[in-house]
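**Q** What follows is a structure written as structure tokens; I'll ask about it next.
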Amino acid sequence: MHAQASGKDDSARPGAPGSAPAPASSHEHDHGLPLPQRYWAILVVALGITLAVLDSAIANVALPTIARDLNASAASSIWVINAYQLAITISLLPLASLGDRIGYRRVYLGGLMLFTVASLGCALSSSLPTLAFARVIQGFGAAGIMSVNTALVRMIYPARQLGRGVSINAMVVAVSSAVGPTVASGVLAIAPWPWLFAINVPIGIAAVISGFKALPANAGHSAPYDYLGAVMNAFVFGLLIFAVDGLGHGEHAGYVALEGLGAIVIGYFFVRRQLTQPAPLLPVDLLRIPVFALSVGTSVCSFAAQMLAFVSLPFMMQDLLGLNQVQTGLLMTPWPLVIIVAAPLSGVLMERISAGWLGGIGLATLTVGLLLLATLGAHPDPLQIAWRMALCGAGFGIFQSPNNRTMLASAPRARSGGASGMLGTARLTGQTLGAALVALIFGVAPQHGPIITLYVAAAFAAVAAVVSSLRVRTRAL
Numbered sequence: 001m002h003a004q005a006s007g008k009d010d011s012a013r014p015g016a017p018g019s020a021p022a023p024a025s026s027h028e029h030d031h032g033l034p035l036p037q038r039y040w041a042i043l044v045v046a047l048g049i050t051l052a053v054l055d056s057a058i059a060n061v062a063l064p065t066i067a068r069d070l071n072a073s074a075a076s077s078i079w080v081i082n083a084y085q086l087a088i089t090i091s092l093l094p095l096a097s098l099g100d101r102i103g104y105r106r107v108y109l110g111g112l113m114l115f116t117v118a119s120l121g122c123a124l125s126s127s128l129p130t131l132a133f134a135r136v137i138q139g140f141g142a143a144g145i146m147s148v149n150t151a152l153v154r155m156i157y158p159a160r161q162l163g164r165g166v167s168i169n170a171m172v173v174a175v176s177s178a179v180g181p182t183v184a185s186g187v188l189a190i191a192p193w194p195w196l197f198a199i200n201v202p203i204g205i206a207a208v209i210s211g212f213k214a215l216p217a218n219a220g221h222s223a224p225y226d227y228l229g230a231v232m233n234a235f236v237f238g239l240l241i242f243a244v245d246g247l248g249h250g251e252h253a254g255y256v257a258l259e260g261l262g263a264i265v266i267g268y269f270f271v272r273r274q275l276t277q278p279a280p281l282l283p284v285d286l287l288r289i290p291v292f293a294l295s296v297g298t299s300v301c302s303f304a305a306q307m308l309a310f311v312s313l314p315f316m317m318q319d320l321l322g323l324n325q326v327q328t329g330l331l332m333t334p335w336p337l338v339i340i341v342a343a344p345l346s347g348v349l350m351e352r353i354s355a356g357w358l359g360g361i362g363l364a365t366l367t368v369g370l371l372l373l374a375t376l377g378a379h380p381d382p383l384q385i386a387w388r389m390a391l392c393g394a395g396f397g398i399f400q401s402p403n404n405r406t407m408l409a410s411a412p413r414a415r416s417g418g419a420s421g422m423l424g425t426a427r428l429t430g431q432t433l434g435a436a437l438v439a440l441i442f443g444v445a446p447q448h449g450p451i452i453t454l455y456v457a458a459a460f461a462a463v464a465a466v467v468s469s470l471r472v473r474t475r476a477l
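Each residue of the sequence shown is one higher than the last, beginning at 1 in my numbering.
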């Protein structure tokens with residue numbers, strides 16, 4: 001804790017390009033990385049998170065082709081998706097906690113290397129069990145990337161510019177989620193499905209090499225790792241996902257009840273254990289901070305709204321409005337395109353405007369956009385659809401950056417890993433909830449499912465707007 005600012009050339013600091021990064025104090029990281037190392041570091045973080053998020057979405061489009069090529073049923077092929085999502089969800093918080101102890105750079109680069117190797121395994125898979133196993137390993141690698149990426153952003157950028165760094169990260173996550181199906185369709189139009197995974201390999205190798213040179217290192221702390229807590233975390237989130245997914249897909253009520261009960265019972269003892277830990281794996285210490293807890297709630301509701309919309313809109317456009325796949329893809333594009341503009345703008349505005357107000361305004365805009373989409377006529381002009389999609393993208397882009405920045409900045413610097421892991425967990429929880437609700441609504445009301453789902457999405461966005469606005473009443477950070 002004795003590092004001080006000096007008049008020396010920043011490039012002489014440990015961690016500058018061309019030298020091995022050395023652990024640095026938290027005071028040193030308040031100043032961020034020198035230029036141009038900062039640009040290289042954020043590029044590595046952006047590449048890694050792009051690969052991890054894209055691979056959550058691209059497999060959906062390829063499932064029919066994969067099932068046919070591997071002689072698997074449609075029902076069993078869903079494990080290509082479930083294996084990846086399950087591995088990420090059960091390991092996000094344990095890996096974030098590990099990052100607090102051994103350093104975020106180590107966890108991030110370890111996850112990126114594992115993800116790259118597993119991507120090669122996916123591309124070479126010749127059977128469904130082999131592919132599912134490779135996807136599990138790939139999911140653990142993706143969790144290593146996702147668990148500490150925002151903690152690294154906090155080290156890369158000076159404290160006064162943290163909002164800008166978080167906005168870039170939020171933009172990458174949002175755009176990657178939205179364009180995943182489009183990217184997958186483009187790849188499948190010119191190459192077989194293994195290339196969806198093979199393309200990750202050269203990009204991953206380049207990111208790893210650059211990361212060793214550019215990413216900052218931190219010393220971590222010496223608190224013992226909670227191995228039992230990590231196992232309990234895996235059971236809680238695993239059972240919870242199975243229960244929510246089973247509810248959405250009409251699984252037998254008895255199985256869903258057992259899975260839900262198991263998650264509750266183990267979760268009770270898990271939380272009790274975490275309350276006794278000095279640096280808990282489940283960040284109950286951070287959830288005691290009102291602004292952090294409100295930001296988590298905002299994130300869960302908003303990502304549930306996004307997933308409800310993303311899954312239902314293609315059905316509405318094709319089944320109700322009579323559009324083809326190409327037209328649907330083009331009309332879905334304004335949402336991520338506007339996020340590219342809105343997220344960085346929000347990152348600048350949050351230096352002057354309360355995150356609670358910005359988030360509330362963004363989510364209110366998203367609510368209006370979703371309601372306008374739900375009330376489209378039977379034969380709308382493409383422009384009428386496009387500007388409504390753009391409105392949704394603007395709202396989501398404005399909300400995400402201040403919300404993520406608030407979550408990260410409200411946590412002590414030594415708990416940046418826990419905050420980063422909770423940010424990813426909140427996002428995945430919301431997306432899982434949204435996907436399950438889509439399946440449930442479509443099962444109950446198949447004819448009007450897309451429209452009902454959009455109204456439910458608008459309701460989630462409205463709740464998120466209210467929760468976000470409550471942060472205005474909390475003490476300023």
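Glycine residues also receive a C-beta, built at the ideal position from the N, C-alpha and C atoms.
Comparing alpha-carbon positions, which option in Arg38, Ser127 and Leu366 lies nearest Pro216?
**A** Measuring from the Cα of Pro216, the nearest candidate turns out to be Arg38.
**Q** Which word fits Glu351, buried or exposed, when buried means at least 16 other C-beta atoms lie within 10 angstroms of its C-beta?
**A** That one is exposed.
**Q** Exposed or buried, what is Phe237 when buried is set at 16 or more other beta-carbons lying within 10 Å of its beta-carbon?
**A** Buried, since its Cβ has 16 or more Cβ neighbours within 10 Å.
**Q** Please confirm whether Thr276 and Ser468 have their CB atoms less than 8 Å apart.
**A** The answer is no: Cβ separation not under 8 Å.
**Q** Counting pairs of beta carbons, one from the stretch 177 to 187 and one from the stretch 449 to 466, are three or more of them closer than 8 Å?
**A** No, because fewer than three Cβ pairs between the stretch 177 to 187 and the stretch 449 to 466 fall closer than 8 Å, the two stretches do not touch.
**Q** Does the Cβ of Gly443 have 16 or more other Cβ atoms within 10 Å, making it buried, or fewer, making it exposed?
**A** When all chains shown are included, Gly443 counts as exposed.
**Q** Using beta-carbon positions only, say whether Met307 and Gly434 come within less than 8 Å of one another.
**A** Yes, Cβ-Cβ distance for Met307 and Gly434 is below 8 Å.
**Q** What whole-angstrom Cβ distance do Leu281 and Ser97 have, given they're in contact under 8 Å?
**A** Yes, Leu281 and Ser97 are in contact; Cβ-Cβ is about 4 Å, under 8 Å.
**Q** Give me the Cα-Cα distance between Ile203 and Thr375, rounded to the nearest whole angstrom.
**A** Straight-line Cα distance between these residues: approximately 42 Å.
**Q** Between Ser176 and Leu54, how many whole angstroms is the CB-CB distance? I'm expecting something under 8 Å.
**A** The pair is a contact, with the Cβ atoms about 5 Å apart (cut-off 8 Å).
**Q** I need the DSSP call for Thr150, collapsed to helix, strand or coil.
**A** In this structure, Thr150 counts as helix in the three-state DSSP scheme.
**Q** Using the rule of at least 16 other Cβ atoms within 10 Å of the residue's Cβ for burial, across every protein chain shown, is Asp381 buried or exposed?
**A** Asp381 should be labelled exposed.
**Q** From Leu358 to Val187, what does the alpha carbon distance come to, in whole angstroms?
**A** Each residue's alpha carbon lies about 37 Å from the other.
**Q** Could I get the ranges of all uninterrupted alpha helix (DSSP H) runs contained in the stretch 232 to 309, with 4 residues as the minimum, in chain order?
**A** Counting whole runs of 4 or more residues, the stretch 232 to 309 contains the alpha helix (DSSP H) stretches 253 to 274 and 284 to 287.
**Q** List the whole-angstrom C-beta distance separating Arg154 from Ser401, where the pair is believed to meet the contact cut-off of C-beta under 8 Å.
**A** Not a contact, Cβ separation roughly 14 Å.
**Q** Expressed to the nearest angstrom, what Euclidean distance is found between the alpha-carbon atoms of Val256 and Trp387?
**A** If I take the Cα positions, the gap works out to 40 Å.
**Q** Within the same chain, show all residues whose beta-carbon is closer than 7 Å to that of Ala436, passing over the 5 residues directly before and after it, in chain order.
**A** Excluding sequence neighbours, Ala436 sits near Val244, Asp245, Leu247 and Gly248.
**Q** Is it true that the stretch 416 to 432 meets the stretch 321 to 334, where meeting means three or more beta-carbon pairs spaced less than 8 Å apart?
**A** Taking 8 Å as the limit for Cβ pairs, the verdict is that the stretch 321 to 334 does not touch the stretch 416 to 432.
**Q** Please work out which residues of its chain come closer than 7 Å, Cβ to Cβ, to Ala394, disregarding the five sequence neighbours upstream and downstream, and give them in chain order.
**A** Within the same chain, Ala394 has close Cβ partners Val338, Ala342 and Thr365.
**Q** Measuring alpha carbon to alpha carbon, tell me which of Val271, Leu131, Thr406 and Val201 ends up nearest Leu294.
**A** With distances taken between Cα atoms, Leu294 lies closest to Thr406.
**Q** Just checking: is the beta-carbon of Ala386 within a distance shorter than 8 Å of some beta-carbon in chain D?
**A** Looking for chain D here will not work: only one protein chain is present.
**Q** Is it the case that the Cβ atoms of Phe399 and Gly362 are separated by a distance below 8 Å?
**A** Yes, they are a contact pair.
**Q** Quick check: what's the CA-CA separation for Ala118 versus Arg68?
**A** Looking at the two C-alpha atoms, the distance is approximately 22 Å.
**Q** Using three-state DSSP, classify Tyr225 as helix, strand or coil.
**A** Tyr225: coil per DSSP, three-state reduction.
**Q** Kindly give me the distance between the Cβ atoms of Leu131 and Val61, rounded to whole angstroms, as I take these residues to be in contact under 8 Å.
**A** Actually they do not touch by this definition, with Cβ atoms about 15 Å apart.
**Q** In angstroms with no decimal places, state the Cα-to-Cα distance between Ser125 and Trp193.
**A** In a straight line, the C-alpha of Ser125 is about 11 Å away from that of Trp193.
**Q** What is the residue span of the alpha helix (DSSP H) that Gly99 lies within?
**A** Here the alpha helix (DSSP H) through Gly99 covers Trp79 to Ile102.
**Q** Ala464 by DSSP, collapsed to three states: which one?
**A** Helix, per DSSP.
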